[in-house]
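Visitor: Okay, here's the structure, questions in a sec.
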């Protein structure tokens, strides 16, 4: 959605003011989710007075907030009444099974947002202003919030990623799900292959969330928890596949290579290490969402980044993997990278 | 720059994620201005190492920040070097006379940004979370920051607004500039009519900024300070014209009508009251920037709003004005409204 201006475009102060006001857009969407505005709009009738009553909020506040959501393409307005756009109906109404409203809990969490209030200092120093190693500090409770809220964002890519990991393999397979979080990637493997055994690595409190998701999905009997740091725990094995989803971007290349070596040692010969990442092109400024992810890593980690495929391939190869391939998972902004042990 | 989605557009989670990440855009632009990145890019040579040295910042931070500014159309990239877009050259390089970089000081001030961290609460209660009457609390120091930083945003409309106020009148005229701030509107009148006398009303600390600007413009001998609240001070008069720029939006209609009555009493018969405002269409959701301004008023005031022309005309008429007309000042997002006493 972030759009680059053609180099030859005339000077436009609107771009500058739009950026200076952009924080309001995040605040407005978070407020609407917190107040349950999208449920109220979905239930109708959609006039200001009704929504205000349904949300226990003021009419002035609801009118201005809903107008602002219309301006930003999130809601629609007919006369003085608000109604869903296709986007808000599918992705923001809590009654929709595809709702991603919960992701605001993680993406809007103080530990994600607060460093951006000190971004000049972070750029000056070159690393997050969060204490210690930032978001990857051991047992950081933000990953419980992540596990509890981010599964809906990952649901559309879980199936395709599991396919890449299993590659049609039937019969008994063992899958190592590193930094499992909500666990949806390992669970997708277990669903695709009824004999797949999943071993999920993460902090203990996070694994409890993944375990509940495995129970809901009916695969708890093939789901094993391995609590601790992915850098420290004994993986066991050997495994047929290892998943490294949204994990490498938190670390610098030497750390990633060290981890990939450890993963390779736990894989069978020819086993597959599958990462899911925001992978910008070599210019590092396209495509917008993948490339733009690096500023989140600047703000919240000590040395993480959004790595190009060239860089990820080099890390894989330095760790002894071969046959490294990239697999864009459009319409998701993320890309899977597969390497063979 | 905010774009409404056509109602029939397919569901798009990208709109949702773009809003959840939008706060990063504000943080990135503020950080780049604070670190003087735009001066460094303008001076060249534009590689990461040079910019980092010029800005006393880390190379990791500068690379990721500058890439992010490219993604957002603010900078351009050639190979590994950054250079100005036409927009950043004209509006963000501090060496440019049209630079609006200083506006980040006001638009990014804690008193403007902080309420958005409590927007759900504000929508619930219907008024700002700032103490007292929010941004219009007496002697609020944020208006000194406003006066010191926002003149560049207003420079392009000051001339056209002064033309509407003076309407080609030559010879001695008296102009009352209410909530003068930086003073650029009254100063523009003084420049257009060499016999115009300006009386500027604002808090004393703010008027000191306006006075300096009047000195710089060479019109200090026709510039008189009238310190205090626009609601309380005696205006004197009678005046040929009164300016009410970006002021009415802070208050509810009865308060605006009361003020307009006071203004009318200080004008000569047929004198002109000229407001500058963000004036949305009757649908209140277009055009985007004027309509979107109401959320700033929700967040920072007790009862302010972005009023439609219909509403402003009704307020003018309730205060006894006639012949009320609107004058869009494109490409500015603002509109002038003129009423005759």
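Chains as they are written, first to last, in my numbering: chain A, 3 to 343; chain B, 3 to 343. Even glycine gets a Cβ: it sits at the ideal position worked out from N, Cα and C. These numbers were taken from a predicted model, which means no experiment stands behind them.
Is there a C-beta anywhere in chain B that falls below 7 Å from the one on residue 248(A)?
Guide: Position 246 of the first chain holds residue 248(A). No, no contact with chain B.
Visitor: Given this structure, state the Cα-to-Cα distance separating residue 349(B) from residue 256(B), to the nearest angstrom.
Guide: As displayed, chain B neither begins before 3 nor continues past 343, which places residue 349(B) out of reach and without an answer.
Visitor: By alpha-carbon positions, which one of 159(A), 233(A), 238(A) ends up nearest to residue 330(A)?
Guide: Residue mapping note: residue 330(A) aligns to position 328 of the first chain, counting from 1. Minimum Cα distance to residue 330(A) is reached at 159(A).
Visitor: Among 116(B), 45(B), 24(B), which has the Cα closest to the Cα of residue 71(B)?
Guide: Start at 1 with the first residue of the second chain, and residue 71(B) comes out as number 69. Nearest of 116(B), 45(B), 24(B) to residue 71(B), Cα basis: 24(B).
Visitor: For chain B, find out if any of its Cβ atoms is closer than 7 Å to the Cβ of residue 251(A); answer yes or no.
Guide: Walking along the first chain from the start, residue 251(A) turns up at place 249. Cβ-Cβ to chain B under 7 Å: no for residue 251(A).
Visitor: Kindly say whether residue 128(B), judged by its beta-carbon, lies nearer than 7 Å to any beta-carbon of chain A.
Guide: Numbered from its first residue, the second chain carries residue 128(B) at position 126. By this cut-off, residue 128(B) is an interface position.
Visitor: Are the C-beta of residue 118(A) and some C-beta of chain B separated by less than 7 Å?
Guide: Counting from 1 along the first chain, the entry for residue 118(A) is found at position 116. So, interface residue.
Visitor: Given a threshold of 16 other Cβ atoms within 10 Å of its Cβ, counted over all protein chains shown, does residue 321(B) qualify as buried or as exposed?
Guide: Looking up residue 321(B) in the second chain gives position 319. Residue 321(B) is buried by the Cβ-count criterion.
Visitor: Between the Cα of residue 333(B) and the Cα atoms of 157(B), 316(B), 178(B), which residue gives the shortest distance?
Guide: On the second chain, position 331 is the one that residue 333(B) refers to. Closest option to residue 333(B), Cα to Cα, is 157(B).
Visitor: Return no unless some Cβ of chain C is closer than 7 Å to the Cβ of residue 72(B).
Guide: Annotation note: the requested chain C is absent from the structure, which comprises protein chains A and B.
Visitor: DSSP state of residue 221(B), grouped into three classes?
Guide: Counted from its first residue, the second chain places residue 221(B) at position 219. Coil, per DSSP.
Visitor: Looking at the C-beta of residue 93(B), does it have a partner C-beta in chain A at a distance below 7 Å?
Guide: Taking the first residue of the second chain as 1, we reach residue 93(B) at position 91. So, interface residue.
Visitor: Could you check if residue 11(B) is buried or exposed, using at least 16 other CB atoms within 10 Å of its CB as the buried criterion?
Guide: Within the second chain, the letter at position 9 stands for residue 11(B). Residue 11(B) should be labelled exposed.
Visitor: Along the chain, which unbroken stretches of the alpha helix (DSSP H) at least 4 residues long are found entirely within the region 9-53 of chain A?
Guide: As far as the region 9-53 of chain A is concerned, its whole alpha helix (DSSP H) runs of at least 4 residues are 15-23, 25-36, 39-45.
Visitor: Along the chain, which unbroken stretches of the alpha helix (DSSP H) at least 4 residues long are found entirely within the region 70-124 of chain A?
Guide: DSSP runs (the alpha helix (DSSP H)) wholly in the region 70-124 of chain A: 88-93, 105-109, 112-115.
Visitor: In chain order, what residues of the same chain lie with their CB nearer than 6 Å to the CB of residue 3(A), ignoring the 5 residues before and after it?
Guide: Position 1 of the first chain, counted from the first residue, corresponds to residue 3(A). Confidence at residue 3(A) is low in this model, with a pLDDT of 37, below 50, so its placement is unreliable and the value that follows should be read with caution. Answer for residue 3(A): no residue qualifies.
Visitor: Residue 229(A): which of 182(A), 14(A), 311(A), 189(A) sits nearest, CA to CA?
Guide: What you label residue 229(A) is simply residue 227 of the first chain in a count that begins at 1. Residue 182(A) is the option with its Cα nearest to residue 229(A).
Visitor: Judging by CA-CA distance, which residue of 297(B), 231(B), 192(B), 162(B) is the nearest neighbour of residue 176(B)?
Guide: Residue 176(B) sits at position 174 when you count from the first residue of the second chain. Out of 297(B), 231(B), 192(B), 162(B), 192(B) has the C-alpha closest to the C-alpha of residue 176(B).
Visitor: What do you get for residue 106(B), buried or exposed, if any count of 16 or more other CB atoms within 10 angstroms of its CB means buried?
Guide: Along the second chain, one-based indexing puts residue 106(B) at 104. Buried, because 16 or more other Cβ atoms sit within 10 Å of the Cβ of residue 106(B).
Visitor: Taking Cβ-Cβ distances shorter than 9 Å, what residues in chain B pair up with residue 58(A)?
Guide: For the purposes of this step, residue 58(A) is taken as residue 56 along the first chain, with counting starting at 1. Residues of chain B passing the Cβ test: 126.
Visitor: For residue 180(B), which three-state DSSP category applies?
Guide: Against the second chain, residue 180(B) aligns to sequence position 178. Three-state result, residue 180(B): strand.
Visitor: Are the C-beta atoms of residue 199(B) and some chain A residue less than 7 Å apart?
Guide: Along the second chain, read from residue 1 onward, the residue named residue 199(B) stands at position 197. Chain A, which has no Cβ nearer than 7 Å to the Cβ of residue 199(B), makes this no.
Visitor: Figure out for me which residue from 259(A), 284(A), 240(A), 231(A) has the closest Cα to the Cα of residue 141(A).
Guide: For the purposes of this step, residue 141(A) is identified with residue 139 of the first chain, where counting begins at 1. The residue with the shortest Cα to Cα distance from residue 141(A) is 231(A).
Visitor: Quick one: which residues of the region 263-283 of chain A get their C-beta closer than 7 Å to a C-beta of chain B? List them in chain order.
Guide: Residues: none.
Visitor: Hey, how far is the Cα of residue 241(A) from the Cα of residue 195(A)?
Guide: Within the first chain, numbered from 1, the residue matching residue 241(A) stands at position 239. Within the first chain, numbered from 1, the residue matching residue 195(A) stands at position 193. Between residue 241(A) and residue 195(A), the C-alpha separation is close to 15 Å.
Visitor: Express the C-alpha separation of residue 102(B) and residue 313(A) in angstroms, rounding to a whole number.
Guide: In the first chain, residue 313(A) corresponds to position 311, counting from 1. In the second chain, residue 102(B) corresponds to position 100, counting from 1. Whole-angstrom Cα-Cα distance: 38 Å.
Visitor: Less than 6 Å between the CB of residue 246(A) and some heavy atom of the ligand PLP, yes or no?
Guide: Absent from the structure shown: the ligand PLP. Ligands present: none.
Visitor: Can you list the beta strand (DSSP E) stretches of 3 or more residues lying completely in the region 234-266 of chain A, in chain order?
Guide: Whole beta strand (DSSP E) segments, 3+ residues: 241-247.
Visitor: Residues in the region 9-30 of chain B with C-beta within 9 Å of chain A's C-beta atoms, listed in sequence order?
Guide: Within the region 9-30 of chain B, the qualifying residues are 9, 10, 11, 12, 13, 14, 15, 16, 17, 18, 19, 20, 21, 22, 23, 24, 25, 26, 27, 28, 29, 30.
Visitor: Could you pull the start and end residues of the beta strand (DSSP E) that residue 272(B) belongs to?
Guide: Numbered from its first residue, the second chain carries residue 272(B) at position 270. It spans 269-279 - the beta strand (DSSP E) in which residue 272(B) sits, taken as one unbroken run.
Visitor: Quick check on DSSP: helix, strand or coil for residue 166(B)?
Guide: Sequence index remark: in the second chain, residue 166(B) carries index 164 (1-based). Helix, per DSSP.
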